[in-house]
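S.K.:
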Amino acid sequence: MTAPLLKIYKKMKWLPFGQWLFSNAVCRKAPYFASIKPAITHLEPGLCRASVPKRKAVFNHIGTVHAIAQCNLAELCAGVMVDATVPHKTHRWIPKGMTVQYLKKAETDIRAEAKIILPREWQDKEDLIVPVEVFDLHGTKVFHADINMYITQR
C-alpha cells in the first residue's frame, strides 16, 4: 500500500511547478524546514532527494552554507523518505537522534540523498538508522548524517 505522502508526491510531480508545490506543502506541515527553502526533487519508497540553494539566509560567518541548514536538509530528506516508506496502517516514526560529520565547506547550492535498503521487515520499537549524504554542485560530499528514526507499531 502506498503511503499518503507518496501518493500526493506522485500526483503533484507532473503538474507545472509540482515539485515546488509539494515542497511548500511539506514545509507548511513542518514549518521549521521552510527557513532553508528546500526543493524535494525525487521521492520513492526508500529514497528521497532534496536540495537547498545557497543564499544569504543560510550563510555562516565565512559565506558558506551553515551547519544547521545542512542538518535541516538532512532531517527533512530522511523524514520525508521514512514517511513515504513506513507502512502507515501498522507503524509510525519519530526522529530520535542525529550524528553528523562536516566533511568540506558547502560553498554552492547543496543536494541531499536519504536512502535505505528495501525490502525490509518493519519491527516494533526499532531504531532505523537513515544515512543522508549531502553534496555540493561539483559532486563533492560536504556532509554526512546518520539519523536515528524510532519506529513503533500503532
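When the letters of the sequence shown are read in order and numbered with my numbering, they come out as residues 202 to 355.
We put the CB at the ideal spot given by N, CA and C, even for glycine.
Looking at the secondary structure, which residues open and close the alpha helix (DSSP H) in which residue 219 lies?
M.R.: 219-230
S.K.: What does a CB cutoff of less than 6 angstroms around residue 283 pick up in its chain, not counting 5 residues either side in sequence?
M.R.: 294 and 350
S.K.: By the DSSP assignment, the alpha helix (DSSP H) with residue 212 in it spans what residues?
M.R.: Run containing residue 212: 205-213, per the alpha helix (DSSP H) assignment.
S.K.: What number of angstroms, rounded off, separates the C-alpha of residue 203 from the C-alpha of residue 225?
M.R.: Residue 203 and residue 225 have their C-alpha atoms spaced approximately 21 angstroms apart.
S.K.: Could you check what DSSP says for residue 319 in three-state terms: helix, strand or coil?
M.R.: coil
S.K.: For residue 337, count neighbouring Cβ atoms within 10 angstroms of its own Cβ and tell me buried if that reaches 16, exposed if not.
M.R.: buried
S.K.: In whole angstroms, give me the CA-to-CA distance for residue 241 and residue 278.
M.R.: 8 angstroms
S.K.: So, is residue 231 buried or exposed, given that buried needs 16 or more other C-beta atoms within 10 angstroms?
M.R.: exposed
S.K.: Using the C-alpha atoms, what's the distance from residue 285 back to residue 206?
M.R.: 6 angstroms
S.K.: DSSP beta-bridge partners for residue 298?
M.R.: 349
S.K.: Does DSSP put residue 337 in a helix, a strand or coil?
M.R.: strand
S.K.: State the beta-bridge partners of residue 311 as determined by DSSP.
M.R.: 253 and 337
S.K.: Measure the CB-CB distance between residue 328 and residue 297 and report whether it falls below 8 angstroms.
M.R.: yes
S.K.: Measure the beta-carbon distance from residue 335 to residue 275 and round it to whole angstroms, keeping in mind my assumption that it falls under 8 angstroms.
M.R.: 6 angstroms
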